[in-house]
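Undergrad: The numbering used here numbers the first residue of the sequence shown as 488 and each following residue consecutively. Virtual Cβ for every residue (Gly too), placed ideally from N, Cα, C. Only a predicted model underlies this, so the values are computations on that prediction, with no experimental measurement involved. I'd like to ask you about the structure that follows.
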Amino acid sequence: MRYGWLCGLLVFGCETPQTEQSADLTVPVTVQPVGLGTIESVVTSMGTLRPVQEAIIVTEARGFLSLGILAEGRKPTEGLAVQQGQVIARLKNEELVVGARLESRKLAVKNMRKMLDEKEVLVKRGLVTQIEVETARKDLVDAQSDYDDALVQIKKTKVTAPISGVLSEFTDATEQTLVDEGTQICRIVDYSQVLVDLQIPNSQIRHIELDQPVRMIDYSYPDEVFDGKISVVDPVVDPTTRTFRAVAVVDNPKGLLRPGMFVKAEIVVESHADVVLVPRELVLMRGNREVVFVEESARAQMREIETGLEDEKFVEVLKGVGEGERLITSNYETLRSRTRVTVAGTEEASGGRGGGGRSGGGDGGGRR
């Protein structure tokens, strides 16, 4: 019995110096002042760009093809810009021109108008009846209609651009080739703005509204972000994809974005400015609590925090730490509250502008 008591005393006496040594242990850490910044919650979707408008140009008559002359004396071909109303090609069709009898019909309109004017003067003098005046007026209308029809026929010999844009898929037909009515000459695409169809899952559609800001990212231009907005939100789910369709429109003044490009779109559904932000990796899970460590008077202090929005880099802190406090940014995984620390270096303040994020809470991704 005495032997057991002596052993217990010896063991207890051996543990005390080790515990005191652990308590006196000083951990080197780096710190970072807590900063303010902007953080956003975004819905991300991928899609393929298409032009804001396009037109397929086909001939409206049969004839021998003659290409027009565009800027700087160049004939139309793929990649050249055209303006609305500009002549792209002409069709030579003598039979159509002769059949239109444009000049004779123009002269008929002139004569019918002169006759009507004379009748209107004579009817006031009682020299002709009102019926004769109405007959002359009808003759003028008929002559004008015939002339307008002739103009339409002649107009068919000119192939013009219905919209401004860039030529694409231009015909292989050469000069003076006989082409039939309905022959496709080219496509014109207007990508001064571009559209992208986005697939929005059921869980996110409640966040999507018209005119919401959208950021478009194309990996061909890693340093460029293209700003746009939501222009269409389809209220009916697509039965094939089980998602909702939204359309974003993006200004493209430099023409960097091209139809057919595959892009990533970030729809900003919520944005908080001038809020406390801390790096995601510094937020730890201790039990069911989210905590960070701050340095106070050479001691590590564990702070329970309440979080809001978060993104790939930052977490919004609603409660628990404030601007200017010194976050511990190294050796924090094994710290306990009141551990002695020595500051080995100070990093730049956290915060700035957050990237594309999502609503806080979630599944705790990134917590340790």
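Which class does lysine 562 belong to by DSSP, given the choice of helix, strand or coil?
TA: Locating residue 562 in the sequence shown gives position 75, counting from the first residue. Three-state DSSP puts lysine 562 in coil, outside helix and strand.
Undergrad: Under 7 angstroms Cβ to Cβ from proline 688, same chain only, skipping five residues before and after it: list those, please.
TA: Residue mapping note: residue 688 aligns to position 201 of the sequence shown, counting from 1. Correct list, in chain order: Thr730.
Undergrad: Cα separation between aspartate 721 and lysine 800?
TA: Here residue 721 is taken as the residue at index 234 of the sequence shown, counted from 1. Here residue 800 is taken as the residue at index 313 of the sequence shown, counted from 1. Approximately 32 angstroms, taken between the alpha carbons.
Undergrad: Taking the beta carbon of glycine 613 as the centre, do at least 16 other beta carbons fall within 10 Å, making it buried, or is it exposed?
TA: By 1-based counting over the sequence shown, the position of residue 613 is 126. Answer is exposed; the Cβ neighbour count stays below 16.
Undergrad: Quick one: what does DSSP say serine 632 is sitting in, helix, strand or coil?
TA: Counting from one through the sequence shown, the residue named residue 632 turns up at place 145. DSSP places serine 632 in helix when its eight states are reduced to three.
Undergrad: CB-CB under 7 angstroms to valine 676, same chain, minus the five flanking residues each way: which ones, in chain order?
TA: As a first step, residue 676 is located in the sequence shown; it is residue number 189 there, counting from the start. Here the set comprises Pro538, Glu541, Gly652, Val653, Ser655 and Pro746.
Undergrad: Any idea what DSSP makes of glycine 556, helix, strand or coil?
TA: Here residue 556 refers to the residue found at position 69 when the sequence shown is read from its first residue. Here residue 556 is isoleucine; the residue named in the question, glycine, does not match the sequence. In the structure shown, isoleucine 556 sits in coil (DSSP, three-state: anything other than H, G, I, E or B).
Undergrad: What runs of the beta strand (DSSP E), each 3 residues or longer, lie entirely inside the region 633-684?
TA: For the region 633-684, whole beta strand (DSSP E) runs of length 3 or above, ordered along the chain, are 645-647 and 652-655.
Undergrad: For isoleucine 672, is the classification buried or exposed, using 16 other Cβ atoms within 10 angstroms of its Cβ as the cut-off for buried?
TA: Looking up residue 672 in the sequence shown gives position 185. The residue is buried, with at least 16 neighbouring Cβ atoms inside 10 Å.
Undergrad: CA-CA distance, glutamate 835 and leucine 512?
TA: As a first step, residue 835 is located in the sequence shown; it is residue number 348 there, counting from the start. As a first step, residue 512 is located in the sequence shown; it is residue number 25 there, counting from the start. For glutamate 835 and leucine 512, the distance between alpha carbons rounds to 27 angstroms.
Undergrad: Given glycine 811, which residues of its chain have a CB within under 7 angstroms of its CB, disregarding the five upstream and five downstream residues?
TA: Position 324 of the sequence shown holds residue 811. Within the same chain, glycine 811 has close Cβ partners Pro520 and Val521.
Undergrad: Who are the near neighbours of aspartate 626 in its chain, counting only those whose CB is closer than 6 angstroms to its CB and skipping five residues on each side?
TA: Numbered from 1 along the sequence shown, position 139 holds the residue referred to as residue 626. Met599, listed in sequence order.
Undergrad: Quick check on DSSP: helix, strand or coil for aspartate 721?
TA: Counting from 1 along the sequence shown, the entry for residue 721 is found at position 234. Of the three classes helix, strand and coil, the one that applies to aspartate 721 here is coil, per DSSP.
Undergrad: Give me the Cβ distance between glycine 795 and glutamate 803, rounded to the nearest whole Å; I'm assuming they're in contact under 8 angstroms.
TA: Position 308 of the sequence shown, counting from 1, holds the residue named residue 795. Position 316 of the sequence shown, counting from 1, holds the residue named residue 803. Sure, about 4 angstroms apart at Cβ, within 8 angstroms.
Undergrad: Kindly indicate the opening and closing residues of the beta strand (DSSP E) around leucine 536.
TA: Your numbering for residue 536 matches position 49 in the sequence shown. Note, leucine 536: beta strand (DSSP E), 522-545.
Undergrad: What is the C-beta distance between glutamate 668 and alanine 548, in whole angstroms, given that I count them as a contact (C-beta under 8 angstroms)?
TA: As a working mapping, residue 668 is identified with position 181 in the sequence shown. As a working mapping, residue 548 is identified with position 61 in the sequence shown. Correct: roughly 5 angstroms between the Cβ atoms.
Undergrad: In three-state terms, what does DSSP make of glutamate 803?
TA: As a working mapping, residue 803 is identified with position 316 in the sequence shown. Strand.
Undergrad: For the candidate residues Val779, Gln640, Thr728 and Leu697, whose alpha-carbon lies nearest to that of glutamate 820?
TA: Stepping through the sequence shown from its first residue, residue 820 is reached at position 333. It is Val779.
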